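Quick notes on the structure that follows.
In the working numbering, the protein residues as written are 5 to 425.
Below, the structure is given as structure tokens:
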């Protein structure tokens, strides 16, 4: 074992000497490997961090959330099938049926939304001389906080009495409240929204910025008040119904119970698929990972081209090295070196060359990830496996593309090699 270690150490030393003798040539040779490994490390770091951030944001809305909605979950752009577009809206009555007939559900929250990006855009909320533009107006019931894992920080939320009497109550997102009442208590104050007066009942707890929307810019009305003021949302969109189980492990149970109730209410034949969508964090996470997984594969494919170019460069420089050192090979054979020794020497040199490229690529990839993390809101995370894979691939390239030059060197006739000038 000691002889093997000694021989390996000597081969590495010979490789270092050979590389230092041709610095520019060696640097240009490993450039492809550096680019390939850098791309892999940087892209994996960015996508891994992006994945982790998105997953945390999904889970922030409740890891046990099951939402029944008109359309099937869809991540990213794309038109929906006609069969989905023709579906009937879900209704508040559907939500009340779930609440009554599904004993495993802790909360059932029918929700209507008016997003600022659609339906003409939401108007400003006004108080005194201040104005704030909500990104979303929500019509909700008292079950909303529990179903969505989002609670009031001050005051109270929409109550069942507010819903029953279509009260002019409003709950403000934290950011909206800060904009309208920078130096005063908003509770009990009357604000104007869409030409109507509302009394501020509560302020939602601060959520802060997320990779997706922040509920800090939402406002909440009783769903009955919302319907009377914005009837076209009820007519055109219907409701989403957010539900959570009484016990975390009952997610599948409430999905089955809710599906059975809605299929019966919507008269879906037993041999037909659901005519409504079901969204869970797991489904969204799965869809999202499928997209980013495809992006990762595309980046790895592009990186593999650079690695292939780098491998060809390693083979080329090793063939040149064999030609330049023919006499050295002859001398080594003349004093007792066997083919295995020559093969090991040149393979070690090729793998050392590739490993240097891999190390530089890993360091550059980590540097790029750190720069992205510091100058942008995009999070980056570099998993250990990506570093190990980057180094292993680069060394393997040196091994693979170094085999032919090494065996070519080993097959040289010592007599002819000594005569080589």
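By construction, the Cβ of each residue, glycine as well, lies at the ideal position given by its N, Cα and C atoms. Nothing here was measured: the structure is a model prediction, and the numbers come from that model.
Membership of residue 244 in the beta strand (DSSP E) is indicated by the continuous run 244-249. Taking each of 318, 284, 192 in turn and checking the Cα distance to residue 30, the smallest one comes out for 318. When DSSP assignments are scanned along the region 121-157, the uninterrupted stretches of beta strand (DSSP E) that are 3 or more residues long and fall wholly within it turn out to be 129-131, 134-136, 140-144. Annotated three-state conformation of residue 112 is strand, per DSSP.
Rounded to whole angstroms, the Cβ separation of residue 409 and residue 323 is 5 Å, and the two are in contact under 8 Å. Counting only unbroken stretches of 3 or more residues, the beta strand (DSSP E) elements lying wholly within the region 150-195 are 156-159, 173-176, in sequence order.
Taking 8 Å as the cut-off, the Cβ atoms of residue 175 and residue 135 do not count as close. By the Cβ-count criterion, residue 189 is exposed, with fewer than 16 other Cβ atoms from all chains shown falling within 10 Å of its own Cβ.
Inclusion of residue 44 and residue 304 in the CB contact set at 8 Å is warranted, their separation being smaller than that value.
Ranked by Cα distance from residue 266, the options 93, 50, 209 are led by 93. Taking 8 Å as the cut-off, the beta carbon of residue 403 is found closer than this to the beta carbon of residue 355. Residue 273 carries a coil assignment under DSSP once its states are collapsed to helix, strand and coil. DSSP, read as helix, strand or coil, puts residue 72 in strand. By the Cβ rule, the region 253-261 does not count as touching the region 161-169, because fewer than three pairs are nearer than 8 Å. For the pair of segments examined, the region 371-390 was found not to touch the region 342-351: the number of CB pairs separated by less than 8 Å stays below three. In terms of Cβ geometry, residue 224 and residue 150 do not form a close pair [threshold 8 Å].
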